[in-house]
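Numbering (this note's numbering), first residue to last: 148 to 566.
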């Protein structure tokens, strides 16, 4: 009986100690609630309080439903190529922009607009600092691992593309209800992170004091993840043009003539047909291979110095010698813009009758008017009429025929007047 009573007392003491420890311990909810207010005040001088904070597990369907298309969707980069997401209410986004631009938060008037990359860039420092500060305050290593190493990656174009990027089937959702500027605006911010795997939790426990894994090179940026994606490249050895009828009647065993000399110029294209490079066919260890040709240096960087002339691949233009250059400069200076530089023409023989001074020969003198032409009177009307022939000598005209035999036109129908 004594042992049973002593055991019960010890259990009560241990339970009370655990409750006291839990009350003093810094959980994820408490750490994030305290960090929101301090981070917003330090970065933006903005009164921001978390009036509600819920941490809940999410499956793939619940994660997809949480990605509201009308909210600001942000892709978060995490350690070991993991991806997270942050969904911010447009009401909160507008308040952050007002605080950063005009220095105060105005009540929401309900105007909807499309979220942009600028909105994401304004929210990025608040989100990154909040996660970094919260991870350093959490006592439970498992809770700290949920948000450790995640930083702003990019703005997601839509909910579908963001859901595809989020890999895994189990997630942890952190829903914050935020009050901005003492009630001026209220909205929600949803953070979604993949649930840590057991092996990652054991690695985190083995670290010295829970050091951020990203500081040891485990975090990989979005650019590294994109560069690791598979890409398909087509190598076109040659192209052949055939009539449609010949292509329609082609059967197994037919031979297509390949143009000669095309293999050294192989085109490297994307699936869309864009040429990204050229190369030549060869072999490596008995296997056919294509060796890409590097682009010329002048195609990727400017060549403006005289020492870069050899790398451009352009023909060399020799300078003129000094006497030839001086002669051309004098000719160009003395010539007018409308003067053509013609070669020396041969001398022409002298024209007959041309005087020595280059003038034309003198014209012969015209005879002076005589007295019969100078004092002659003007002809009169009678003199002019006397030169005309006499009209009395014209022959007489014959009489016109009698027109009495013409038919009577009285029986013709009357002509109707128009209108």
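Glycine included, C-beta positions come from ideal geometry on N, C-alpha and C.
For residue i, report the span of its alpha helix (DSSP H) as first-last.
i, result
"residue 199", "Element bounds for residue 199: not the alpha helix (DSSP H) but the beta strand (DSSP E), 195 to 206."
"residue 283", "264 to 284"
"residue 177", "175 to 191"
"residue 240", "237 to 248"
"residue 291", "288 to 294"
"residue 393", "391 to 395"
So what does residue i bridge to, in DSSP terms?
i, result
"residue 422", "416"
"residue 381", "416"
"residue 234", "220, 337"
"residue 429", "436"
Flag this pair as yes or no: are the beta carbons of residue i and residue j separated by less than 8 angstroms?
i, j, result
"residue 297", "residue 223", "yes"
"residue 403", "residue 302", "no"
"residue 438", "residue 429", "yes"
"residue 175", "residue 290", "yes"
"residue 182", "residue 323", "no"
"residue 190", "residue 272", "yes"
"residue 204", "residue 319", "yes"
"residue 415", "residue 387", "no"
"residue 425", "residue 435", "no"
"residue 232", "residue 339", "yes"
"residue 238", "residue 332", "yes"
"residue 270", "residue 240", "yes"
"residue 236", "residue 335", "yes"
"residue 309", "residue 343", "no"
"residue 216", "residue 328", "no"
"residue 427", "residue 405", "no"
"residue 326", "residue 172", "no"
"residue 196", "residue 184", "yes"
"residue 193", "residue 180", "no"
"residue 186", "residue 277", "yes"
So that I know if they touch, is there some Cβ in chain B lying closer than 8 angstroms to that of residue i?
i, result
"residue 268", "Protein chains in the displayed structure number just one, and chain B is not present."
Terminal residues of the continuous beta strand (DSSP E) containing residue i?
i, result
"residue 224", "219 to 224"
"residue 436", "434 to 439"
"residue 299", "298 to 302"
With a 10 Å radius around its C-beta and 16 neighbouring C-beta atoms as the bar for buried, classify residue i as buried or exposed.
i, result
"residue 266", "buried"
"residue 363", "With a pLDDT of 40 at residue 363, under the threshold of 50, the modelled position of this residue cannot be trusted, and the question is left open."
"residue 250", "exposed"
"residue 361", "Residue placement at residue 361 is poorly supported in this model, since its pLDDT is 43, which falls under 50; the coordinates are not used for a value here."
"residue 252", "buried"
"residue 642", "It is not possible to answer for residue 642, since the shown part of the chain is limited to 148 through 566."
"residue 136", "The structure shown does not extend to residue 136, since the chain spans only 148 to 566, so no value can be given for it."
"residue 389", "exposed"
"residue 352", "Because the pLDDT of residue 352 is 49, which lies under 50, any placement of that residue in the model is unreliable, and the question is left without a value."
"residue 546", "exposed"
"residue 261", "exposed"
"residue 268", "exposed"
"residue 281", "buried"
"residue 158", "exposed"
"residue 366", "Low confidence applies to residue 366: its pLDDT is 43, below 50, so where it sits in the model is not reliable, and the reading given next is rough at best. With 16 or more other Cβ atoms within 10 Å, it is buried."
"residue 397", "exposed"
"residue 213", "buried"
"residue 230", "buried"
"residue 420", "exposed"
"residue 400", "exposed"
"residue 218", "buried"
"residue 376", "exposed"
"residue 341", "buried"
"residue 256", "exposed"
"residue 337", "buried"
"residue 313", "buried"
"residue 417", "exposed"
"residue 321", "buried"
"residue 247", "exposed"
"residue 330", "exposed"
For the ligand GTP, is there a heavy atom less than 7 angstroms away from the beta-carbon of residue i?
i, result
"residue 438", "Because no ligand of any kind appears in the structure shown, any question about the ligand GTP cannot be addressed here."
### Runs of alpha helix (DSSP H) wholly within the region 305 to 338 (minimum 4 residues, chain order)
306 to 312
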